[in-house]
Every structure is written in structure tokens, then in C-alpha cells.
Amino acid sequence: MELHSHRMTALVLLMAAVALAGCRPEAEVAGGALDATDGDPPATRTALDPAAASAPITLEDVMEFDPRYLIGISYPPGMERYPGLAAELRRYAEAARAELMAAVEDLGPSSEDRMRAPYDLALSFDLLMETPEIVAVQAGGSLYTGGAHGIPLVARFVWLPQRDEMLTAASLFQGREGWHEVSAFVRESLHTSLSQRLEADALAPADRFRLLASGGEMIDEGTAPEAGNFAQFEPVPGVDGRLRALRFVFPPYQVGPYSDGVQTVEVPSAVLLPHLSPEYRGLFAAG
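The sequence shown lines up with residues -21 to -1, 1 to 266 when you count with mature numbering (1 follows the signal peptide of the UniProt record, and there is no 0).
Structure representation (C-alpha cells):
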């Protein structure tokens, strides 16, 4: 019950933030990665419907209260200026809401079912970057439909207004070699971080060896050189307005246990540039 109480408190705070969102003069920029919970996200990015890029979209914050469920969804203001991006944000939110409502419909009348409720969806979209060339938004939150933890909602959306398209991992590189380079760079960084954390914990040698082996296996599996393993990323701007890196984002359980939370690795433009698709090279700083 204590876990459920903390989860409910977090949802109430999010809903309070949603209520205040309309009063903000400008969007707040999120400072760090979301500390999400266990499970796989119910909503992931798919190819854009060409009609969505030009159709008018309205994004409205959501607060819903019901004995069986609670919903809090907030959007940064002004995203309607980018209809294609707005459509993707709304699609992600609607997919998460559909997942919640499917679980709610499965709730029975028994006292055990009533103890599991209310289920909840807490989802916040935050503006990370907005320039004429790039608009980046992060989605963070959780979907709770029973159990000790909610399902993490961890997503990034990188919109290119001048091209009227989403920058995705699938289109980032010309071929597979780029992912081999990114995979090697990210693996080295994550293995080093894991080793440093275990050293700081002053574990017995046998325990350290066991955790190093199991953690290393998760890292290697979660960073195999495939675009799908690097689907979530956000731009890192440089001093000249172009990008100096991409920050790849890994939800809990992809490259480490739940206790490690969301992990990120910045891959500099020098690693990316030789393999980028030609149409995206101008976005990145050389060297």
C-alpha cells in the first residue's frame, strides 16, 4: 500500500502541474531523463501518416477522475505550430490511454479487483529544444494497471520543421555501419559506468564479479547494433546552433535493472557524421 500511496501522490502532483500549465508564459524545458518504472512502453513511434503533417491538430491537457482510474496528460504550449509533431504526441498519448482503458474494462466487481483500482496514467510532454531547424519533445510518465510498479513511458520526438518530418533512428544513417559505431561507443560508456558504480559500492569480489557479468550482458543485449535499440534520442545543441551530439535514452531494463532508472549516453557528432544520411549532415557540427 505504501508504493501505491507514493504513486498516487505523484499523480496528484502531475495533475496539479497540468492545471497550472495553461498559466505558464512559455514552456518549461525538462532538465533530466525520466526515472521510469518497469515494463515495456505501450506506445512507440511509428511512421507518420502523410496527411497528419498538414492537418490541423489541437492538443489539450487532460484530467480525468473516476473511481476506477485517474488520468493526467500535459502538453507544452505551442506545439500546434507543428501539425505533424502534434499528431505524433497526441497519437502516443491516445495509445497509452487506450492501454489504460483496456485494463479498466477488465476490472471485475470483486473486492480484490476494487483493491487494485484506481489504475492511472500520468504522462507529461516537455519541450527540450526549439529552433527553426529542430524541435525536440520528451514524453515521460507511467501507466499503472496493477502490480508493484507502473509501465514506463519514455519517448523522444525530434521534429524537423523545415523538412516537415520526424528524425528517426531508422532514417538517421545510410547503412548498418553507423549503428556498429554507435553501439561500440555506447557499450564502452555503459560498461565503464557500471564498473564505476560497483566499485563505489565496495562489494565483495564475488558479488562484484556476478553483478558485473549480469549487468554487462544486459548492456550488450540492449545495445546490439540495430536501429530499434536506439529509437529514443534527443539532440544536444552546440555553440553554433548545430548539434554537437545525440543523447541516446535507454529505459529501465533495456541496459540495466529497474534500480538504475533511465540511462543516457551522449554520442558526439564526430562519431555520427561519417555515417549520417546526407540530408541530415547539415544539422551537425563538424569535429
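No residue lacks a Cβ here, since even glycine has one placed at the ideal position from N, Cα and C.
Handout entry: Alpha-carbon spacing of Ile113 relative to Gly235, whole angstroms
Key = 30 Å
Exercise for the section: Within 10 angstroms of the Cβ of Arg60, are there 16 or more other Cβ atoms? Answer buried if so, exposed if not. Expected result: exposed
Practice task
Spell out the partners DSSP gives Gln242 in its beta bridges.
Solution key: Phe229
Exercise for the section: Indicate whether the contact test is met: 3 or more Cβ pairs, each with one atom in the region 118 to 127 and one in the region 217 to 237, closer than 8 Å. Expected result: no
Exercise for the section: Rank Gln141, Pro257, Leu222 and Gln242 by C-alpha distance to the C-alpha of Ala264 and give the top, closest one. Expected result: Leu222
Practice task
Kindly indicate which residue of Ala66, Glu167 and Ala118 has the alpha-carbon position closest to the one of Leu38.
Solution key: Ala66
Practice task
Pull up the DSSP beta-bridge partners for Gly51, would you.
Solution key: Met42 and Ala101
Problem - Runs of beta strand (DSSP E) lying entirely within the region 157 to 188, each at least 3 residues, in chain order - result: Unbroken beta strand (DSSP E) stretches of 3 residues or longer found wholly inside the region 157 to 188: none.
Handout entry: Beta-carbon proximity of Val246 to Leu225, cut-off 7 Å
Key = yes
Problem - Backbone CA spacing between Ser168 and Val244 [nearest angstrom] - result: Spanning the alpha carbons of Ser168 and Val244 requires a straight line of approximately 7 Å.
Handout entry: Residue span of the alpha helix (DSSP H) that contains Pro257, given as start and end
Key = Here Pro257 belongs to no alpha helix (DSSP H), and DSSP marks it neither H nor E.
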